[in-house]
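Chain order of the listed sequences is A and B.
Numbering-wise (our numbering), the first sequence opens with residue 1 and increments by one.
Numbering-wise (our numbering), the second sequence opens with residue 214 and increments by one.
There are 2 protein chains.
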Amino acid sequence: MASADPQRQESGAAETRRRILDVAARLFRQQGYAGVSLRAIAAEAGLQAGSLYYHFGSKEDLVVEILDEGIRAVHQGVAEAVGRLPADADGASLLRAAILGHLRSLLRLSDYTSANVRIFGQAPESVRRRSLAVRQAYDAYWDALLAEAQARGALRADAEPRSVRLLLIGALNASLEWFEPARGGVERLAESYADILWRGLAPEPLTPACRED
Amino acid sequence: MASADPQRQESGAAETRRRILDVAARLFRQQGYAGVSLRAIAAEAGLQAGSLYYHFGSKEDLVVEILDEGIRAVHQGVAEAVGRLPADADGASLLRAAILGHLRSLLRLSDYTSANVRIFGQAPESVRRRSLAVRQAYDAYWDALLAEAQARGALRADAEPRSVRLLLIGALNASLEWFEPARGGVERLAESYADILWRGLAPEPLTPACRED
DNA sequence: GTCTATATGATGATAGAC
DNA sequence: GTCTATCATCATATAGAC
Chain A
1 MASADPQRQE SGAAETRRRI LDVAARLFRQ QGYAGVSLRA IAAEAGLQAG
51 SLYYHFGSKE DLVVEILDEG IRAVHQGVAE AVGRLPADAD GASLLRAAIL
101 GHLRSLLRLS DYTSANVRIF GQAPESVRRR SLAVRQAYDA YWDALLAEAQ
151 ARGALRADAE PRSVRLLLIG ALNASLEWFE PARGGVERLA ESYADILWRG
201 LAPEPLTPAC RED
Chain B
214 MASADPQRQE SGAAETRRRI LDVAARLFRQ QGYAGVSLRA IAAEAGLQAG
264 SLYYHFGSKE DLVVEILDEG IRAVHQGVAE AVGRLPADAD GASLLRAAIL
314 GHLRSLLRLS DYTSANVRIF GQAPESVRRR SLAVRQAYDA YWDALLAEAQ
364 ARGALRADAE PRSVRLLLIG ALNASLEWFE PARGGVERLA ESYADILWRG
414 LAPEPLTPAC RED
């Protein structure tokens, strides 16, 4: 057991492991998978390179864990946000809650989720294969969510869930590349995006205005 | 001058240079900036590693050229598509043309544009600095386009051009990660995305339907 | 748990022959 | 224009001391 003194800095295996993961996620995001050496990770985590192998079997093991943790956190964040809605919530509320849930987790764990968005496609094939199931589960969750909303008449009937998901998640994930918390909270961003996506960019409703005169 | 025989494969400096760029763009997209060695590029281009230095001063010079070429092609593609519109085109047509123009160039030069989307953020700072102006010019073009459309009443007045651009370009660029030409042309994709973005995901217009009875 | 030392091979870049 | 040969450095991973 580590010291029970809460003022003392914990330095057990679990804390070191976490520190390695945090450092690695940040470096992978900034420099890509191949661009980060285990020496660099170790140095920023306050260790020697060889010591990493006590905590992780290989560089691939390390990156797979980072990728999966990012997706899982976002999946959970959306599921919880949607779960808090009343059962009869309308389409606009559903969309807003799901978008806010995604953005909150995405931007809170931005090193983990960014590593994901940026390096999944360029990691070795063995890494992609190992991390695929977690990604697919999240995609399937969104497709089911959108199909359900559509079935309840809470979403345009002629929009394919897959197309909507790809457009929507693509737009949201791109915020990782430019979002700065200082310029306005996640809530503001989510409201703005949900509004644009729900109402569209058209200046007026497409049906003729009602005229009585 | 190289041979004038059109049946003979050209192998002058310009052709070799182009072959190196094409190979490098594809590899950078697949494996990231640091993940690709000059030896690997040379091998796939049918050269020895040292020979690359006749055509490019360094790995950084090579990647900067790839990044810039991707952005310039897309910028030009959108400008041409928009330029072909009649002067009084409405907002929906403008948006559709710009989206189609972006997607066409984006997906046609997908190795160059993907290298861009994937590796700009993880390239060395010196690379990002050198490639920044071209990117900013394209962003500024879109902001001006959207502001102009808004001023003509062809776009919702309460949507900030910057927000619209970030959402839109983010969504379009994400198509690089999943689009397969075999499953349906770029035109179909552009129509679908323009439709969702213009009309929104709401099942009905938000204004009450006109009733005369 | 972390260290040092090391095996084994790849890296960007340069020099000079042809 | 492309080659071969090479420099100095860095990579992942392992072994064994403490």
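Cβ coordinates follow ideal geometry from the N, Cα and C atoms, glycine included.
As the structure is a computational prediction, the values presented were derived from the model and not from experiment.
- In the DSSP annotation of this structure, B:Gly270 is not part of any alpha helix (DSSP H), being labelled neither H nor E.
- Of all alpha-carbon atoms in B:Ala328, B:Pro299, B:Val377 and B:Leu379, the one lying nearest the alpha-carbon of B:Leu389 is that of B:Ala328.
- Just measuring C-alpha positions, the residue of A:Ile196, A:Val64, A:Asp139 and A:Leu94 sitting nearest A:Val74 is A:Asp139.
- Residues of chain B whose Cβ lies closer than 7 Å to the Cβ of A:Ala171 are, in chain order, Leu380, Gly383 and Ala384.
- Contact check between the region 371-391 of chain B and the region 168-175 of chain A: three or more CB pairs, one atom from each, fall below 8 Å, which counts as touching.
- Taking the Cα positions, A:Ser58 is about 33 Å away from A:Gly101.
- If you check the CB distance, B:Leu234 and B:Leu275 come in under 9 Å.
- In summary, B:Leu345 is exposed, with fewer than 16 beta-carbon neighbours lying within 10 Å of its beta-carbon over all protein chains present.
- For B:Arg252, same chain residues with a beta-carbon under 8 Å away, outside a window of 5 residues either side, are Ala262 in chain order.
- Closer than 8 Å at the C-beta level to chain A, one finds these residues of the region 354-380 of chain B: Gly366, Ala367, Leu368, Arg369, Ala370, Ala372, Glu373, Ser376, Val377, Leu379 and Leu380.
- Nearest CB-CB separation between A:Gln136 and chain B: not below the 9 Å threshold.
- The beta-carbon of B:Gly283 is placed no less than 9 Å from the nearest beta-carbon of chain A.
- Burial state of B:Arg396 is exposed, judged by a 10 Å Cβ sphere holding fewer than 16 other Cβ atoms.
- Using a CB distance below 9 Å, the part of the region 229-258 of chain B facing chain A consists of Phe241, Arg242, Gln243, Gln244, Gly245, Tyr246, Ala247, Gly248 and Val249, ordered along the chain.
- Taking a Cβ-Cβ threshold of 8 Å, none of the residues of chain B is close to A:Ile99; the smallest such distance is about 11 Å.
- For the pair A:Gln150 and A:Ser93, the Cα-to-Cα distance works out to about 13 Å.
- Contact check for B:Glu273 against B:Val347 fails: the beta carbons are separated by 9 Å or more.
- Judged by DSSP in its simplified three-state form, A:Arg129 adopts helix.
- Note on the region 279-335 of chain B: whole alpha helix (DSSP H) runs with a minimum of 4 residues are 304-321 and 323-332, in chain order.
- Counting the other CB atoms within 10 Å of its CB gives A:Glu180 a total below 16, which places it among the exposed residues.
- Under the Cβ criterion of 9 Å, B:Gly334 is counted among the residues facing chain A.
- By the Cβ test, the region 97-112 of chain A is in contact with the region 69-89 of chain A, since at least three Cβ pairs between them sit closer than 8 Å.
- The C-beta distance from A:Gly32 to B:Ile409 rounds to 32 Å, too long to meet the 8 Å contact threshold.
- In this structure, B:Tyr267 is the residue among B:Tyr267, B:Glu293, B:Tyr406 and B:Asp324 with its C-alpha nearest to the C-alpha of B:Gly225.
- If you draw a straight line from the Cα of B:Val377 to the Cα of B:Ala237, it is about 33 Å long.
- For B:Trp411, the enclosing alpha helix (DSSP H) begins and ends at Val399 to Arg412.
- With respect to the C-alpha of B:Glu338, the residue from B:Asp324, B:Tyr406 and B:Val277 having the closest C-alpha is B:Val277.
- Exclusion of the five residues before and after A:Asp111 leaves Ala25, Arg26 and Arg29 as the residues of its chain whose Cβ lies within less than 6 Å of its Cβ.
- A:Arg152 places its beta carbon less than 9 Å from that of A:Gly91.
- Along the region 405-417 of chain B, the positions whose C-beta sits under 7 Å from a C-beta of chain A are Ser405, Tyr406, Ile409, Leu410, Trp411, Arg412, Gly413, Leu414, Ala415 and Pro416, read in chain order.
- Between B:Leu402 and A:Ala159, the CB-CB gap reaches or exceeds 9 Å.
- The residues His75, Val78 and Ala79, in chain order, have a CB closer than 8 Å to that of A:Tyr141 in the same chain once the five nearest residues on each side in sequence are set aside.
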